Amino acid sequence: MKGYRDRIIKGSIVRTLLWLSMPLVVVQLIQISYNVADAFWLSMYSDIALAVPRQVWPLFLFFSATSMALSSSNLALISQYVGAREFEEASEVASKYFTTSVIMGALFGIAYFTLRPLIFSYVIKVPKEIYEQVIAYAGIVAIVTSFSYVVMAYSTILQGIGDTRRPALVTAFYLLVNIVLDPLLIFGIPPFPRLGVIGAAVTDLMGNMLSVITLAMIIKRAFPDLRVWFTRRINLEWIMLNLRIGLPILVLVLSNSTAKMLQLRLVNTFGVVAATAYSLGFVAMDLSDAALRGLSRAAAIMVGQNLGAGLCKRAREIALKSSSLIFTITLVGATILYIVRDPFIAIFIQDPMIHTEARRFLEVFLWSLPFFGIMLTAMFIGRGSGHTLLPSLIGIVRLWGFWVGLGYLLALFMKYGSMGIWIAMGIGNIATGIIALIWLKYGGWARPVIRAPKKHIALARASK
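The numbering used here puts the first residue of the sequence shown at 212, with every later residue one more than the last.
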């Protein structure tokens, strides 16, 4: 663990950021390739089948909220303990995190499976043309939820150390396998059965199950000084630290997923055409911000370890440089996609009404994505530093104030229809991105949340 720590604490900010983020960016690119391939094969199966995964996603996000909160808080704790050279403490935190993730994953997977008919019928109000497909697809995703908790735990533990490469390789490999299997299971190419839309969810389940096994083996063999296993030593101090750091994230994700369900309900009021255009728009968004999440998570790891080592000024410099880089890369991606928007839509959609609606969505929404990049960077910086409250509030305002509140106002009360939804989403990204940048530059987040021994901080400063 020491070798990773020294490079993150002492190396060039931009080079280290790129070194940490490249495996994550590659995974993001493969994830996007999988999403695009998934959307393509579903659109070949049926134009409206493309809308099914997007209907299911907000509910998956809702039941994964605890996983994201635990990941945020324990990424901060593990990275800061590693930065402070407290490797025994890092191992203890990792075991507590793993144990809690297994239990929570099982509970929330069961809850997802049980409640899905009620939510899709009465909360989201899925269009009747795709309702049965959504229920079947969500049934498989409920099982995926349980395994995703453990995958997230193992990946976060490795990333907290500074090893972004191995979890990225695991994710990339199984995504590539999923890309190959998708058409075989969707269309029933022998010897595989024809599963239709459900086939896309089955490949996700297989990938998550195999990822759990592979990541467990990597931690055991590559980091023998990191002991991760079930433990009963889940004490009050660890729980309180997780609540302090993770509770804002939990509230944010629960709030955001609920907001997205209500937004989907609004989109669905304009029928399956708007719902399909909305789904295709998010495929396009994934393409334009390919580097965004990898760079943001790398910045969080660097901020966490530098704060743990007492290098607060360097941590703020990392945040601002990563924001500038992410804004620029996302702007380039959005510009390219805007130029090729018509041929891109034509790959997936043959129906002229859906094509027109998707074009309107992209023309309004794409230019707001660089600002969303800054906001997401602030979210991850908050997680790496352990100061999650303000960026979480910014995220809540983005969805509830703009995507839902302004969306309903423009779409229904001011009679702009679906265009009102797309405009509200763009304005929300721009406004909250600007607020997030101000927080990164002037906010009081650049201080650690752990009690690191002063001698380690002094050594880190001396070596710097």
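Quick reminder that beta carbons are idealized off the backbone N, C-alpha and C, glycines included. It should be emphasised that the depicted structure is a prediction, and the values quoted were computed from it without experimental measurement.
Please state the DSSP three-state secondary structure of residue i.
i, result
"L437", "coil"
"T382", "helix"
"I400", "coil"
"L406", "coil"
"G222", "coil"
"R443", "coil"
"F583", "helix"
"I335", "coil"
"Y627", "coil"
"R658", "coil"
"P394", "helix"
"E297", "coil"
"G515", "helix"
"G457", "helix"
"L416", "helix"
"K310", "Residue identity check: residue 310 is Thr in the sequence provided, not Lys. The answer is helix: DSSP assigns T310 an H, G or I state."
"S535", "helix"
"T487", "helix"
"A622", "helix"
"A520", "coil"
"F319", "helix"
"F481", "coil"
"T541", "helix"
How about residue i and residue j: are their beta carbons less than 9 Å apart?
i, j, result
"I558", "A488", "no"
"G584", "L475", "no"
"S466", "T588", "no"
"T382", "S366", "yes"
"P219", "Q561", "First, the amino acid is wrong: residue 219 is Ile here, not Pro. Not in contact: I219 and Q561 (Cβ atoms no closer than 9 Å)."
"A642", "R609", "yes"
"R453", "N640", "Checking the displayed sequence, the identity of residue 453 turns out to be Asn instead of Arg. Not closer than 9 Å, so no."
"T442", "T310", "yes"
"K532", "I224", "yes"
"G519", "V293", "yes"
"I445", "K307", "yes"
"G316", "S359", "yes"
"A511", "S290", "yes"
"L270", "I372", "no"
"V408", "Y619", "no"
Take the Cβ of residue i as the centre, count every other Cβ of all protein chains shown within 10 Å, and call the residue buried at 16 or more, exposed below.
i, result
"K471", "buried"
"K339", "exposed"
"E297", "buried"
"A485", "buried"
"K431", "exposed"
"K524", "exposed"
"K666", "The pLDDT assigned to K666 is 44, lower than 50, so where the model puts this residue is not dependable, and the model offers no usable value."
"P394", "buried"
"W633", "buried"
"G492", "buried"
"A673", "Residue placement at A673 is poorly supported in this model, since its pLDDT is 46, which falls under 50; the coordinates are not used for a value here."
"P602", "buried"
"F538", "buried"
"I314", "exposed"
"D249", "buried"
"E303", "buried"
"E574", "exposed"
"T227", "buried"
"I540", "buried"
"V478", "buried"
"E299", "exposed"
"S535", "exposed"
"P664", "Low local confidence applies: a pLDDT of 46 at P664 is under 50, so the model's placement there is unreliable, with the coordinate-based value given in what follows. That one is exposed."
So residue i is in the alpha helix (DSSP H); what residue range does that whole segment cover?
i, result
"Q370", "Y342 to I372"
"S282", "A276 to G294"
"W611", "Taken as a continuous stretch (DSSP letters only), W611 belongs to no alpha helix (DSSP H), as it is neither H nor E."
"G597", "Taken as a continuous stretch (DSSP letters only), G597 belongs to no alpha helix (DSSP H), as it is neither H nor E."
"I556", "R552 to F559"
"F576", "P563 to F576"
To the nearest whole angstrom, what separates the beta carbons of residue i and residue j, a pair I think is in contact under 8 Å?
i, j, result
"V464", "A280", "7 Å"
"V362", "N419", "6 Å"
"I592", "A530", "5 Å"
"A647", "I605", "6 Å"
"L235", "G505", "3 Å"
"R594", "S283", "4 Å"
"V345", "V267", "6 Å"
"P378", "L387", "15 Å between Cβ atoms; not a contact."
"S244", "I390", "7 Å"
"F324", "T277", "Not confirmed; about 16 Å, so no contact."
Taking 8 Å as the cut-off, is the C-beta of residue i nearer than that to any heavy atom in the ligand MG?
i, result
"Q561", "As for the ligand MG, it is missing from this structure, which has no ligand bound."
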